[in-house]
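First the structure, in the form of structure tokens, and then the observations on it.
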Amino acid sequence: MPEKQIIEKCSAVIQWVSSVNGASPRRGYIPTSIRMGNNVEMPFVGLGTGGMPSSEPEIDFAVRTALDLGYTHIDVTAGFHATIGAILKEYFELGKLSRKDIFITAKLPCTSHGRSSVEKSLRSQLETLQLDYVDLFLINTPCGVQIYRLKLARAIGISNFNVDQIQRVYSTAEVKPHNLQVEVHLHWPQKELVVLCQSLNVCLTAYAPIGSPGQLPKFGVEKASPLAEPLVLMLADKYKKSPAQILLRHLTQRNIVVIPKSTNAQRLKENLDSLKFTISDIDMEALGNIKPKRRVYTYIHRRNHPEYPFCELDDEEYPITV
1 MPEKQIIEKC SAVIQWVSSV NGASPRRGYI PTSIRMGNNV EMPFVGLGTG
51 GMPSSEPEID FAVRTALDLG YTHIDVTAGF HATIGAILKE YFELGKLSRK
101 DIFITAKLPC TSHGRSSVEK SLRSQLETLQ LDYVDLFLIN TPCGVQIYRL
151 KLARAIGISN FNVDQIQRVY STAEVKPHNL QVEVHLHWPQ KELVVLCQSL
201 NVCLTAYAPI GSPGQLPKFG VEKASPLAEP LVLMLADKYK KSPAQILLRH
251 LTQRNIVVIP KSTNAQRLKE NLDSLKFTIS DIDMEALGNI KPKRRVYTYI
301 HRRNHPEYPF CELDDEEYPI TV
């Protein structure tokens with residue numbers, strides 16, 4: 001379905017979703033979380049750990065700093081469960097944090113997509129995290145229904161699905177997905193996908209929300225960072241915020257959860273503080289009018305899979321191999 005047609009069809013629904021979540025800036029209230037389809041609250045800003053340096057001291061520092069700053073959402077990536085679990089246990093025991101006050105997202109690894117492997121994988125992750133449940137479990141198969149019913153996850157979601165795949169899953173799934181995690185940023189706004197998910201009451205999480213500037217060396221000059229957009233720099237000066245805060249707020253005002261990653265204490269604080277101001281409607285429209293460029297993460301090594309989701313990739317630039 002064309003983007004314009006979807007937007008016209010869903011505009012009333014989007015207004016309702018925004019009002020339910022208290023997202024209207026004109027009311028003077030700035031929400032810090034969004035309610036998923038099953039009424040579970042998900043904090044708008046979380047700490048992303050995907051692609052972080054693998055050294056344990058850096059992860060330990062980032063997680064502790066984030067929690068001390070007031071983060072209540074951690075997106076856990078493979079390899080970091082033990083470190084994060086130990087920190088959470090310490091904070092629970094010291095009374096710095098209670099389990100109900102922290103939102104934990106975990107993911108099914110690509111090697112565990114067999115129906116019999118899903119529950120086993122999650123239970124293993126829970127054991128390493130030293131938790132009884134996660135708040136959101138991202139999965140790419142129907143097998144997530146069982147772990148949801150067993151209350152091993154308060155919500156289940158999917159990742160890297162396109163519009164067609166979301167529509168197919170939503171029309172057939174016994175338990176509808178509560179969340180979709182995909183790449184979204186100023187240079188890859190995913191407007192059609194965002195409108196569709198919000199119309200279906202599927203909460204959206206953006207990874208690479210500021211465009212993954214650390215990945216730029218892998219690309220040419222044309223792959224300029226959203227952080228360097230002239231409009232972003234102008235708005236940063238206007239609102240007295242950092243360019244990253246402008247990019248993050250642009251997304252959260254679109255009712256999109258963000259999980260920026262950082263091991264820098266100042267940037268961790270800035271990311272969380274991005275919720276403490278409101279971009280005007282005129283400036284939001286101007287940001288939305290910036291011409292999309294292309295995604296950063298193509299997972300091109302999986303291009304031959306029949307369900308490869310990024311069908312917009314150019315065959316000449318990203319040739320299909322046999």
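Residues 1 to 322 in full-length UniProt numbering are what the sequence shown spells out, letter by letter.
By construction, the Cβ of each residue, glycine as well, lies at the ideal position given by its N, Cα and C atoms.
Model, not experiment: these values are computed from the prediction.
Helix, strand or coil at residue i according to DSSP, with G and I counted as helix
| i | result |
| --- | --- |
| residue 323 | The first residue shown for the chain is 1 and the last is 322, placing residue 323 beyond what the model contains. |
| Gln181 | strand |
| His187 | coil |
| Pro82 | Checking the sequence shown, residue 82 turns out to be Ala, not Pro. In this structure, Ala82 counts as helix in the three-state DSSP scheme. |
| Ile147 | helix |
| Pro25 | Any answer about Pro25 is weak, because its pLDDT of 43 lies below 50 and its placement is not dependable; what the coordinates show is given next. It is helical. |
| Ile59 | helix |
| Leu47 | strand |
| Asp75 | strand |
| Ile87 | helix |
| Thr128 | helix |
| Ile279 | coil |
| Ile210 | coil |
| Arg64 | helix |
| Val118 | helix |
| Lys100 | helix |
| Leu94 | coil |
| Val221 | Note that Val221 scores 43 on pLDDT, short of 50, meaning its location in the model is unreliable and no value can be drawn from it. |
| Arg294 | coil |
| Cys311 | coil |
| Ile14 | Because the pLDDT of Ile14 is 36, which lies under 50, any placement of that residue in the model is unreliable, and the number read from its coordinates should be weighed accordingly. Helix, per DSSP. |
N- and C-terminal bounds of the beta strand (DSSP E) containing residue i
| i | result |
| --- | --- |
| Pro43 | 41–43 |
| Tyr207 | 203–207 |
Unbroken alpha helix (DSSP H) run spanning residue i, endpoints
| i | result |
| --- | --- |
| His250 | 243–252 |
| Ser171 | 163–172 |
| Asp237 | 230–239 |
Identified DSSP bridge partners for residue i
| i | result |
| --- | --- |
| Cys197 | DSSP, once it has assigned bridges, lists no residue as partnering Cys197. |
| Ala106 | Phe137 |
| Ser262 | Note: Ser262 sits in no beta bridge, so no partner. |
| Arg35 | Glu41 |
| Ser159 | Gln181 |
| Asp273 | Note: Asp273 sits in no beta bridge, so no partner. |
| Val257 | Thr205 |
| Ala153 | Val134 |
* To do: Report yes or no: do the segment 97–113 and the segment 70–87 share at least 3 C-beta pairs separated by less than 8 Å?
  => By the Cβ rule, the segment 97–113 counts as touching the segment 70–87, because three or more pairs are nearer than 8 Å.
* **Sufficient close CB pairs (3 or more, under 8 Å) joining the segment 235–243 to the segment 276–293** => Yes, since at least three Cβ pairs between the segment 235–243 and the segment 276–293 fall closer than 8 Å, the two stretches touch.
* Asked: Any chance the segment 179–191 sits against the segment 200–217, with 3 or more Cβ pairs inside 8 Å?
  -> With contact defined as three or more Cβ pairs closer than 8 Å, the segment 179–191 and the segment 200–217 are in contact.
* Specify whether the segment 69–76 and the segment 44–53 touch according to this definition: at least 3 beta carbon pairs, one from each stretch, less than 8 Å apart. => A contact between stretches requires three or more CB pairs, one per stretch, nearer than 8 Å, and the segment 69–76 meets this requirement with the segment 44–53.
* Pair every Cβ in the segment 224–231 with every Cβ in the segment 193–206, then say whether three or more of these pairs are closer than 8 Å. => Because the criterion of three Cβ pairs below 8 Å is not met, the segment 224–231 and the segment 193–206 do not touch.
* When the Cβ atoms of the segment 143–155 are set against those of the segment 168–178, are three or more pairs found closer than 8 Å? -> Touching, yes, given that three or more Cβ pairs across the two stretches are closer than 8 Å.
* Asked: Would you say the segment 287–298 touches the segment 87–97, given that touching needs at least three Cβ pairs under 8 Å?
  -> Put simply, the segment 287–298 does not touch the segment 87–97. Fewer than three CB pairs are less than 8 Å apart.
* At a cut of 8 Å, does the segment 257–265 reach the segment 50–70 through at least three beta carbon pairs? -> By the Cβ rule, the segment 257–265 counts as touching the segment 50–70, because three or more pairs are nearer than 8 Å.
* Asked: Quick one: any contact between the segment 124–140 and the segment 152–166, if contact means 3 or more CB pairs under 8 Å?
  -> Counting Cβ pairs under 8 Å, three or more are found: they touch.
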